[in-house]
Ligand SMILES: C[S@@+](CC[C@H](N)C(=O)[O-])C[C@H]1O[C@@H](n2cnc3c(N)ncnc32)[C@H](O)[C@@H]1O
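In this note's numbering, the protein residues as written are 981 to 1202.
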């Protein structure tokens, strides 16, 4: 078992590093600071939000790609949607799906106030049912919903993603649980362990798993 003191030290170390990294990264738009605050005040499980540093990373990737069409699976309160929208082409589209009706008012509130209101298209329902109705081709895809369906989402979106496009999968380390070699009954852990192996071996993509926050995999579509 890990020494609790060592684990506390390593958590403090990571927190300090994250704060330092954020301090030395591009500034966060005021609207996102407000959205983060309101999410922590009003929404259950606010930690599902992309972290500020991850948000800046998603924004930078999107600005590098300059996508015409983005797909996000798992909108939550719209934090990552707004980060990804920062790189959209002027007439570009961001399609984002979530099955939690209670989040709609907050998504609408912030999307409406953003400069991307005309670019963002929201969908309420199960992603697996909605995905066939959204046409590609996507330049950038962010998979960030229920972990047991990651593989199904990936297989649905891959044919709709441009060659040279990028598929990003979030939470692939699942708080470190994917490291567990012993068999586990946790379905999300099992699904992510298989998903991570599949992405590495899949010849249709080139993949790097970044040990960033809860694990972020970048898959470049060949
Ligand atoms: C981790 S949060 C997304 C966070 C968001 N992408 C961000 O970075 O700010 C996961 C979201 O997926 C949604 N979700 C879970 N299962 C889903 C499903 N089957 N279909 C659509 N959305 C789902 C949840 O309601 C939740 O809002």
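In this text, a Cβ means the ideal position worked out from N, Cα and C, and glycines have one as well.
- For the options 1126, 997, 1057, the alpha carbon positioned closest to that of residue 1102 is the one of 1057.
- When 1088, 1032, 1118 are compared, the shortest CA-CA separation from residue 1005 is found for 1032.
- Secondary-structure assignment with DSSP links residue 1101 through a beta bridge to 1075.
- In the three-state reduction of the DSSP assignment, residue 1022 falls in the helix class, which pools H, G and I.
- Annotated as distal: residue 1153 and residue 1124, with beta-carbon spacing of 8 angstroms or more.
- Annotation: residue 1158 to residue 1061 spans about 26 angstroms, alpha carbon to alpha carbon.
- Between the C-alpha atoms of residue 1008 and residue 1129 there is a straight-line separation of about 31 angstroms.
- Residue 1132 places its beta carbon 8 angstroms or farther from that of residue 1096.
- When the five nearest sequence neighbours on each side are left out, the beta carbons in the same chain lying within less than 6 angstroms of the beta carbon of residue 1188 are those of 1198, in order along the chain.
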